[in-house]
Amino acid sequence: MQDFDRRFDKAFSMVAFAANRHLIEHMRRVSQGLELDLETVMIWGILAHLNVARSITPGAAPADILDENGYLLGPKHPVRTIDIVQVAGLPKETVRRKLERLRDAGKAQRDADGRWQVCASGVDDSVIEFTRETVKRLLSTARTIEDMLRRVELD
-5 MQDFDRRFDK AFSMVAFAAN RHLIEHMRRV SQGLELDLET VMIWGILAHL NVARSITPGA
55 APADILDENG YLLGPKHPVR TIDIVQVAGL PKETVRRKLE RLRDAGKAQR DADGRWQVCA
115 SGVDDSVIEF TRETVKRLLS TARTIEDMLR RVELD
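So the sequence shown is numbered by the numbering used here: it starts at -5 and just counts up by one.
Written as structure tokens, this is what we have:
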């Protein structure tokens, strides 16, 4: 989009409202739909991202890195608690407690070396449907914001 910054500045309040409405609604859905507090969900997400980040090449075709069910080919990369602490910016004890909660919920596991990884069994049908709806809502919000920006009258 040409003149993004000018369009953004002129539509700031509307764009901020739409973006923040999406984020707030997403946080509400996360806490209710996944039955986890927001910090625990954040830790779960960070853990999942760190487990697969080395295997997901930007710009790669899905068929090159995913199996026929949409799951990553190859191994996950377990991470240390301190790795999650560094990314999350939370105290180590908080991260440790949240990881234990995720383990108790069947969403994370610890290997013999003390490293953490997500459990495939923790991504059940309800998580898949939650994510599907999340992506639909995100795309809808993005289209709404793009429409707002296109409709800005530039001098």
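From the three backbone atoms N, C-alpha and C, an ideal C-beta is built for every residue, glycine too.
Through-space distance from residue j to residue i, alpha-carbon basis
{"i": "Arg126", "j": "Asp119", "result": "10 Å"}
{"i": "Leu143", "j": "Asp(-1)", "result": "10 Å"}
{"i": "Ile59", "j": "Cys113", "result": "19 Å"}
{"i": "Ser115", "j": "Ala47", "result": "20 Å"}
{"i": "Ile76", "j": "Thr51", "result": "24 Å"}
{"i": "Lys130", "j": "Arg22", "result": "16 Å"}
{"i": "Gly64", "j": "Pro56", "result": "8 Å"}
{"i": "Gly100", "j": "Phe2", "result": "43 Å"}
{"i": "His16", "j": "Thr135", "result": "7 Å"}
{"i": "Gly87", "j": "Asn14", "result": "The sequence shown places Glu at residue 87, not Gly. If I take the Cα positions, the gap works out to 30 Å."}
{"i": "Asp(-3)", "j": "Ala12", "result": "20 Å"}
{"i": "Met36", "j": "Arg145", "result": "35 Å"}
{"i": "Leu30", "j": "Asp149", "result": "48 Å"}
N-terminal and C-terminal residue of the beta strand (DSSP E) that residue i is part of
{"i": "Ala136", "result": "Taken as a continuous stretch (DSSP letters only), Ala136 belongs to no beta strand (DSSP E), being part of the alpha helix (DSSP H) at Asp119 to Arg144."}
{"i": "Val73", "result": "No beta strand (DSSP E) contains Val73, which DSSP labels as neither H nor E."}
{"i": "Gln(-4)", "result": "Looking at the DSSP string, Gln(-4) is not in any beta strand (DSSP E), and its letter there is neither H nor E."}
Boundaries of the alpha helix (DSSP H) in which residue i is found, first to last residue
{"i": "Gln103", "result": "Not the alpha helix (DSSP H): Gln103 falls in the beta strand (DSSP E), residues Ala102 to Arg104."}
{"i": "Arg90", "result": "Lys86 to Asp98"}
Best match in the options for proximity to residue i [C-alpha to C-alpha]
{"i": "Ala102", "options": "Asp(-3), Asn14, Trp38 and Val9", "result": "Trp38"}
{"i": "Gly108", "options": "Leu93, Leu17 and Ser134", "result": "Leu93"}
{"i": "Thr128", "options": "His20, Arg104, Ser25 and Ala12", "result": "His20"}
{"i": "Val124", "options": "Ala10, Gln26 and Val9", "result": "Val is not the amino acid found at residue 124; the sequence shown has Phe there. When only C-alpha atoms are compared, the closest one is Gln26."}
Local Cβ density within 10 Å of residue i, reported as buried at 16 or more and exposed below that
{"i": "Gln111", "result": "buried"}
{"i": "Asn45", "result": "buried"}
{"i": "Ile122", "result": "exposed"}
{"i": "Pro72", "result": "buried"}
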